[in-house]
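What follows is a short report on a single structure.
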Amino acid sequence: MSRKIQSVRGMNDILPDQTYHWRHLESSLARICSLYGYEEIRPPLLERTELFKRSIGEATDIVEKEMYTFIDNNGESVTLRPEATASCVRAGVEHGLFHNQQAKLWYLGPMFRHEKPQKGRYRQFHQFGIEAIGWPGPDADAELQMFAARLFEEVGISSVTLEINTLGSPTSRTLFRDDLKEYLHRHEADLDEDSRRRLERNPLRILDSKVETTREILKDAPRLTNYLDEQSLADFNRLGQLLDAAGIAYRVNDRLVRGLDYYTSIVFEWVTDRLGAQGAVCAGGRYDGLIEQLSGRPAPAAGFALGIERLLELMQIEGNTVDAEVADIYLATLGDEAEIIGVSLAETLRNSELKVRNHLGGGNFKKQLKKADQSGARFALIIGEEEVTQQVVTVKDLRYETGQIKVPIDEIGAQLIGMLRANAGNPEYSKFEN
Ligand code: ATP
Ligand code: MG
């Protein structure tokens, strides 16, 4: 036998027992988007490499070492998208979506980063994101957090907290960066290797370092807070007031910088301590310069991206996933005539939105009913010779030992719906409730 072909490392199959949870989450997300007036956009997975270099920044981890970039048959450098904000802006500029300089967009789909695969960190992963383009904030920034808070509430997650920071105006950020660089240069010998490498090109990222010795050095480093311009400070304070008014708790974390260059002023992360090292669930901020950077007419903008895998993991940990989908009915028949009646009955029941698993492949009743049990279906319907003669169907409750009843074929649909309705409170059957 030839060698088995396996999936590429860090790229997961999402199997049927999971896709069900994905679809539930996806429909919640789409619904919340419409509550806030966001419209869906679906950019391609492949973009010109230049797009990410110009937006995310050449000296970032993503562009330096995480992108799946290759030369296509035309000799053009293309990249599997590592994130989607750049694509949203590119598409918006290309199609004139920002013609009145305002748009609210959302997306959901796979992203690709060549990182070290581990729990909560994959090479193909999925992000849901929203982008509010055209509003300078901070009311728009506050609304992003209300969206996120509602989303967590809706999916039953309570272990996430909001951290916010502001990077200030480009000018104040440059002043800070220069001073930080100078300070860190004085301690260069004691910095970890990664930080030393970042020192010239992206010193702000060092603030994010998890290395203990580097963190020690950072304790006495210049603080961004002391460099902020008046407008940024006022916006940041106003954001705090709006969050207070909305009852959204937050923590100011002045070490919070983001790994992408396009962020300006307000940045934030929703973090949890329930996912080990991969604690960031949702992250974003303001990127007022990006649209101009990508050749659009300047417009302020802000948004966030949320990791679907981490969110689902958290939902599972907090015990808030819905029950997997099971059939309402398993239909077993024996004999040619019974089979014909069964096939047409199954279709009639499906017309009433009942989920029917018709036994395929024949076999005796014992075998069929074993399959019915395994299927997890609520009821088994049995049609044999006797039922055909009497024009009835035998109904067996597979969950409770309530014995079997015989129901006339033409009444079976209504009867079953009534019996399923008796399961009030079970979301699976809510569609049958009055
Ligand atoms: P991290 O610090 O965990 O690497 P990040 O700052 O690179 O995250 P963003 O680029 O802001 O993440 O993406 C937003 C969200 O996407 C993250 O908060 C996380 O939930 C998710 N995410 C990012 N990278 C991965 C990955 N490799 N695998 C799974 N989810 C990811
Ligand atoms: Mg990362």
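Heads up, the sequence shown stops at 471 in this note's numbering, and the numbers go up one at a time, no gaps. In this text, a Cβ means the ideal position worked out from N, Cα and C, and glycines have one as well.
Spatially closest choice to Q132 from E230, D50, L72, S332, by CA coordinates:
The identity of residue 132 in the sequence shown is His, whereas the question assumes Gln. Ranking E230, D50, L72, S332 by CA distance to the CA of H132 puts S332 first.
What does a CB cutoff of less than 6 Å around N471 pick up in its chain, not counting 5 residues either side in sequence?
Note that N471 scores a pLDDT of 41, beneath 50, so its modelled location is shaky; the value from the coordinates is reported in the next line. For N471, where only same-chain residues beyond five positions count, there are no Cβ hits under 6 Å.
Straight-line CA distance for P445 to Q428?
Their backbone Cα atoms lie some 6 Å apart in a straight line.
Starting from Q161, follow the beta strand (DSSP E) in both directions and report where the run begins and ends.
Counting along the chain, the beta strand (DSSP E) containing Q161 begins and ends at 161-170.
May I ask you to verify whether the region 86-103 touches the region 118-133, counting CB pairs closer than 8 Å and requiring at least 3?
Counting Cβ pairs under 8 Å, three or more are found: they touch.
Please determine whether the Cβ atom of Q164 lies at a distance below 8 Å from any heavy atom of the ligand ATP.
At least one heavy atom of the ligand ATP is nearer than 8 Å to the Cβ of Q164, so yes.
According to DSSP, simplified to helix, strand and coil, what is V425?
V425 falls in the helix class under three-state DSSP.
Going by alpha carbons, who is nearest to E306 out of G94, L343, G284?
Selected option, being the one with the closest Cα: L343.
Between the Cα of V45 and the Cα atoms of P154, G340, E63, which residue gives the shortest distance?
Residue nearest to V45 within the set P154, G340, E63 is P154 (criterion: CA-CA distance).
Please give me, in chain order, every unbroken run of the beta strand (DSSP E) with length at least 3 that falls completely inside the region 128-164.
Entirely contained in the region 128-164, the beta strand (DSSP E) runs reaching 3 residues are, in chain order, 140-149.
Would the C-beta of Y159 count as close to the ligand ATP, meaning under 8 Å from any of its heavy atoms?
Relative to the non-hydrogen atoms of the ligand ATP, the Cβ of Y159 comes within a distance shorter than 8 Å of at least one.
Chain-order list of residues whose beta-carbon lies under 8 Å from that of G146 (same chain, five-residue window excluded):
Closer than 8 Å at Cβ, skipping near neighbours: R79, L82, A121, H163, Q164.
Cα-Cα, which of E346, D325, L297 is closest to G316?
The residue with the shortest Cα to Cα distance from G316 is E346.
Secondary structure at S269, three-state DSSP: helix, strand or coil?
When secondary structure is reduced to three states using DSSP, S269 falls in the helix class.
Rounded to a whole number of angstroms, what is the C-alpha to C-alpha distance between G112 and V192?
If you take the alpha carbons of G112 and V192, they lie about 45 Å apart.
Let me check one thing: in DSSP terms, what residues is R85 bridge-paired to?
DSSP lists V115 as partners of R85.
Helix, strand or coil for G379, going by three-state DSSP, please let me know.
The three-state secondary structure of G379, taken from DSSP, is helix.
Taking 8 Å as the cut-off, is the CB of Q492 close to at least one heavy atom of the ligand ATP?
Nothing about residue 492 can be read from this structure; the chain reaches only from 38 to 471.
Pick from S195, H58, G47 that is closest to R160, judged by C-alpha positions:
The shortest C-alpha to C-alpha distance from R160 to any of S195, H58, G47 is the one to G47.
Counting only the same chain and skipping the five closest in sequence on each side, list residues whose C-beta sits under 8 Å from that of D50.
Answer for D50: S44, listed in chain order.
Excluding five sequence neighbours on each side, which residues of the same chain lie with their C-beta closer than 8 Å to the C-beta of T198?
The answer, listed in chain order, is A286, Y287, R288, W307, V308, T309.
From the DSSP output, read off the bridge partner residues of T431.
BP columns for T431 point to I419, K443.
Beta strand (DSSP E) containing T262: first to last residue?
In the DSSP annotation of this structure, T262 is not part of any beta strand (DSSP E), being labelled neither H nor E.
Can D215 and T251 be called in contact, C-beta distance under 9 Å?
Cβ atoms of D215 and T251: not closer than 9 Å.
At which residue ranges does the region 227-308 contain complete alpha helix (DSSP H) runs of 4 or more residues, listed in the order of the chain?
Complete alpha helix (DSSP H) runs here, min 4: 230-238, 249-255, 267-283.
Could you have a look at N202 and say whether DSSP puts it in helix, strand or coil?
Under the three-state reduction of DSSP, N202 is assigned to strand.
Three-way DSSP call (helix, strand, coil) for G333 in this model:
Residue state, collapsed to three classes: coil.
Anyone know if the C-beta pair for G421 and G372 falls short of 9 Å?
Against a cut-off of 9 Å, the Cβ pair of G372 and G421 comes out as a contact.
Go through its chain and collect everything with a Cβ distance to P335's Cβ below 7 Å, but skip five positions before and after it.
Closer than 7 Å at Cβ, skipping near neighbours: I328, E329.
Assuming contact is defined by CB atoms lying nearer than 9 Å, are T203 and L255 in contact in what I supplied?
L255 sits away from T203, with the two beta carbons spaced by 9 Å or more.
What did DSSP end up calling R223 once you bin it into helix, strand or coil?
Here R223 sits in helix by DSSP.
Nearest-angstrom Cα separation, counted from A271 out to Q278
Taking the straight line joining both Cα atoms gives about 11 Å.
Backbone CA spacing between E200 and N137 [nearest angstrom]:
If you take the alpha carbons of E200 and N137, they lie about 32 Å apart.
Can you tell me whether DSSP reads R323 as helix, strand or coil?
Looking at R323 - three-state DSSP - the assignment turns out to be strand.
Simplified DSSP assignment, three categories, for I93
Of the three classes helix, strand and coil, the one that applies to I93 here is coil, per DSSP.
Taking G398 as the reference, which of A369, S206, N110 has the closest Cα?
Looking at the Cα atoms, A369 is the closest of the given residues.
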